[in-house]
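2 protein chains.
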Amino acid sequence: MDSLNLDRQSVVPLYYQIQQHLLGHIRSGGFKPGTPLPSEEVISKRLRVSRMTARQALKSLCSLGVAYSQRGKGTFVSAVKLEKNIRQVLSFSEEMEACGSRPHSELIALEAVLPGEDVADALCLQPADKVIRLRRVRIADSLPMGVECSCVPLRLFPDLLEKFDPRASLYRTLSEVYSVHIVHADEVVEAGLANSEEARLLRVAKGSPVFLFTRTAYAESGQAIEYVKSTFRGDRYKIKNRLGRQSNGGWVGGSA
Amino acid sequence: MDSLNLDRQSVVPLYYQIQQHLLGHIRSGGFKPGTPLPSEEVISKRLRVSRMTARQALKSLCSLGVAYSQRGKGTFVSAVKLEKNIRQVLSFSEEMEACGSRPHSELIALEAVLPGEDVADALCLQPADKVIRLRRVRIADSLPMGVECSCVPLRLFPDLLEKFDPRASLYRTLSEVYSVHIVHADEVVEAGLANSEEARLLRVAKGSPVFLFTRTAYAESGQAIEYVKSTFRGDRYKIKNRLGRQSNGGWVGGSA
DNA sequence: CGTGCCTAGTTGTCTAGACAACTGGGGTCT
DNA sequence: AGACCCCAGTTGTCTAGACAACTAGGCACG
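Written out as structure tokens, the structure is:
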């Protein structure tokens, strides 16, 4: 706390500088789980910022999940493990890189087609709208992990067929070439058994346990961007989820 | 917007009254996806509140996921489906009630035992600490859905064995009797095949596809409260996830 | 001993402003 | 037509305060 010099000329907001400084102390063990963080008042006085700025720094730590506030008591370090590998909206490439594997893909199909009803529904398409259909075997460290069939509306990305390198990450391409950023996705997972084709592509026995994913990915506006169906090996692939309370926008009505 | 009369005497915060009012308009279709919400300035002027209060109302809608802000442009209604059934930290009972099924349980075991190494690790127990082990078959509408084995530290709930009704919801009991509220959980899901015992309890063929869940649930402080291993039928149980961007505490560094 | 009161410390909410940074449109100059 | 500037509107950040609500501990009183 003492050693922090705020840079008031920087483009980096003050509250963010404070947040990062506290986060550093938490990660390095300077503040242990359960112990109180400096109060808004203390931060405010020591760093010569207004209380609202100090507050914003503390609130941002809460929304990261590394701290929690109790009215009348203080703001405390949570024992939540930061480093734990939590699944976000990630492309297969990003997911594999995050756990240290080298991902690549084997292209099965890349074409513009008329979508099935489920696809058209999920992507909210007009009857005549085509989609770009991308079917790939996903491979990590030379081991086939899953078969993925991804559909994106042709209307939104008319020249994607020419511009897309099938070995690259689809999400990265959408972000870099079209400035479309996937920010969330809804996903349904089922447990099933590999059929003959899947077994052949994944090099497992027919009837092996597999995950069946059906995922719809959305941009910030809520516009549906991608509909994916994929089959992943149950023996080499695990799903890690962090389930949370739905943050209800802050206020907790008091019936107590 | 026009018809809202703020109650300045109420214990309900102003920003929350505004948030609820806007949320009502969004849900009822008064504001359609993609359209801008009233700006901070407009809300501030029209409702005679300070801009920071109007801002807090809009930010809380963003954190609910029903809106998003763009600097220099405005705050817009997101097309995210509110009603979609997204999995949170829920007990089986709550989960089944949420989708309209009547849950109940068949008790297999309820006892205090010395935990295995995986359990002790996950719950951060001392070597001699016992756990309460609760093994149940989970049933929805008379159909067996899964087998669940739940462990909680005896030290935290010394009289739970007497006070707990095995037919009730464990989470509800912990919340009501001990004021311990589960706020998040880490979960690993694997795809597997039912062994003989599971097949018998779940009334499926041996070798049927199943989900294997391993879940650790935490209170707000980050204290681990419960460690669960469960096996659920792959044919009747689906996982629905909403994957999100990790909210990073607000600031996006500009390399653009 | 316990009950109740008071007080210091803390977070929650709210005000009324200020400037910065960015967007998008319109107008002007070249 | 294109490049540039300016301006109004919007969100992001920040200030310096205020009062309310709650917690926990100390203290006096019964």
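Heads up: the sequence lines are chains A and B, in that order. Going by our numbering, the first sequence opens with residue 1, and the numbers climb by one from there. Going by our numbering, the second sequence opens with residue 257, and the numbers climb by one from there. Glycine included, every Cβ here is placed at the ideal spot set by N, Cα and C.
Chain-ordered neighbours of residue i on chain A, where CB pairs are closer than 7 Å
i	result
HIS440 (chain B)	ARG242, LEU243, GLY244 and ARG245
PHE218 (chain B)	For chain B, the structure presents residues 257 to 512; residue 218 (chain B) sits outside this window and is missing.
Under 8 Å by beta carbon: chain B residues contacting residue i
i	result
VAL80 (chain A)	HIS440, TYR474 and GLY478
LYS238 (chain A)	VAL444, VAL445 and GLU446
First and last residue of the uninterrupted beta strand (DSSP E) at residue i
i	result
THR291 (chain B)	Unbroken run through THR291 (chain B): none, as it is neither H nor E.
GLN326 (chain B)	323 to 326
HIS437 (chain B)	Careful: HIS437 (chain B) lies outside any beta strand (DSSP E) and carries neither H nor E.
SER425 (chain B)	Counting along the chain, SER425 (chain B) falls outside any beta strand (DSSP E), and DSSP gives it neither H nor E.
PRO359 (chain B)	359 to 369
GLY330 (chain B)	330 to 333
ASN266 (chain A)	Beyond the ends of chain A as shown, which are 1 and 256, falls residue 266 (chain A); an answer cannot be given.
ARG133 (chain A)	131 to 140
Closest Cα partner of residue i within the set the options
i	options	result
GLU297 (chain B)	B:LEU278, B:LEU270, B:GLY286 and B:GLY330	B:GLY330
ARG136 (chain A)	A:GLN20, A:LYS229 and A:SER196	A:LYS229
LEU193 (chain A)	B:ARG489, B:ARG411, B:ARG307 and B:ILE274	B:ARG489
VAL147 (chain A)	A:SER105, A:THR173 and A:LEU161	A:SER105
PRO144 (chain A)	A:ARG71, A:LEU23, A:VAL210 and A:GLU176	A:VAL210
TYR178 (chain A)	A:PRO13, A:LEU156, A:TYR218 and A:GLU198	A:LEU156
HIS277 (chain B)	B:LEU370, B:PRO289 and B:ALA310	B:ALA310
LYS494 (chain B)	A:LYS163, A:GLU190 and A:VAL131	A:GLU190
TYR218 (chain A)	A:GLU198, A:TYR171, A:PHE92 and A:ALA140	A:TYR171
ARG264 (chain B)	B:SER295, B:VAL305, B:GLU373 and B:ARG358	B:VAL305
VAL436 (chain B)	B:GLU373, B:SER357, B:ALA424 and B:SER477	B:SER477
GLU482 (chain B)	B:SER431, B:LEU279 and B:ARG283	B:SER431
LEU458 (chain B)	B:GLY500, B:ARG492, B:GLN382 and B:ILE438	B:ARG492
ALA153 (chain A)	A:SER169, A:LYS163, A:VAL119 and A:SER142	Note on residue identity: the sequence assigns Pro, not Ala, to residue 153 (chain A). Ranking A:SER169, A:LYS163, A:VAL119 and A:SER142 by Cα distance to PRO153 (chain A) puts A:VAL119 first.
SER39 (chain A)	A:THR231, A:ARG51, A:LEU107 and A:SER28	A:ARG51
GLU197 (chain A)	A:VAL188, A:SER208 and A:GLU187	A:SER208
VAL183 (chain A)	B:LEU499, B:VAL439, B:LEU416 and B:ALA384	B:LEU499
LEU468 (chain B)	A:LYS240, A:ALA205 and A:VAL188	A:LYS240
7 Å CB neighbourhood of residue i in its chain, flanking five on each side removed
i	result
CYS380 (chain B)	ALA480
ALA256 (chain A)	Because the pLDDT of ALA256 (chain A) is 43, which lies under 50, any placement of that residue in the model is unreliable, and the question is left without a value.
GLY65 (chain A)	SER78 and VAL80
GLN19 (chain A)	ALA57, SER60 and LEU61
LEU6 (chain A)	LEU14, GLN17 and LEU47
LEU114 (chain A)	LYS130
PRO292 (chain B)	GLY330, THR331 and PHE332
Residue i, DSSP secondary structure in three states
i	result
PHE413 (chain B)	coil
TYR483 (chain B)	strand
PHE420 (chain B)	coil
LYS240 (chain A)	strand
SER511 (chain B)	Here the model assigns SER511 (chain B) a pLDDT of 48, short of 50, so the residue's position is not dependable, and the following value carries that caveat. SER511 (chain B) falls in the coil class under three-state DSSP.
ASP406 (chain B)	According to the sequence displayed, residue 406 (chain B) carries Ser and not Asp. Three-state DSSP puts SER406 (chain B) in a strand.
VAL336 (chain B)	coil
VAL298 (chain B)	helix
VAL188 (chain A)	strand
VAL466 (chain B)	strand
Proximal chain B residues relative to residue i, where beta-carbon distance stays under 7 Å
i	result
GLY234 (chain A)	GLU446, ALA447 and GLY448
GLY34 (chain A)	SER477
Contacts of residue i in chain A (Cβ-Cβ under 8 Å)
i	result
PHE332 (chain B)	SER221
Beta-carbon neighbours of residue i, restricted to chain B and to distances below 9 Å
i	result
TYR68 (chain A)	VAL439, GLU476, SER477 and GLY478
Alpha helix (DSSP H) segment containing residue i, residue limits
i	result
TYR272 (chain B)	270 to 283
LEU58 (chain A)	51 to 64
ARG200 (chain A)	196 to 202
SER221 (chain A)	Here SER221 (chain A) belongs to no alpha helix (DSSP H), and DSSP marks it neither H nor E.
VAL119 (chain A)	117 to 123
ALA354 (chain B)	348 to 354
Close beta carbons around residue i, own chain, < 6 Å, minus the five adjacent residues each side
i	result
LEU110 (chain A)	LEU134 and PRO166
MET352 (chain B)	PRO359 and ALA396
CYS405 (chain B)	ARG391 and LYS485
Same chain, Cβ closer than 8 Å to residue i, neighbours up to 5 away in sequence not counted
i	result
GLY290 (chain B)	PHE332, VAL333 and ALA335
SER44 (chain A)	SER50, ARG51, THR53 and ALA54
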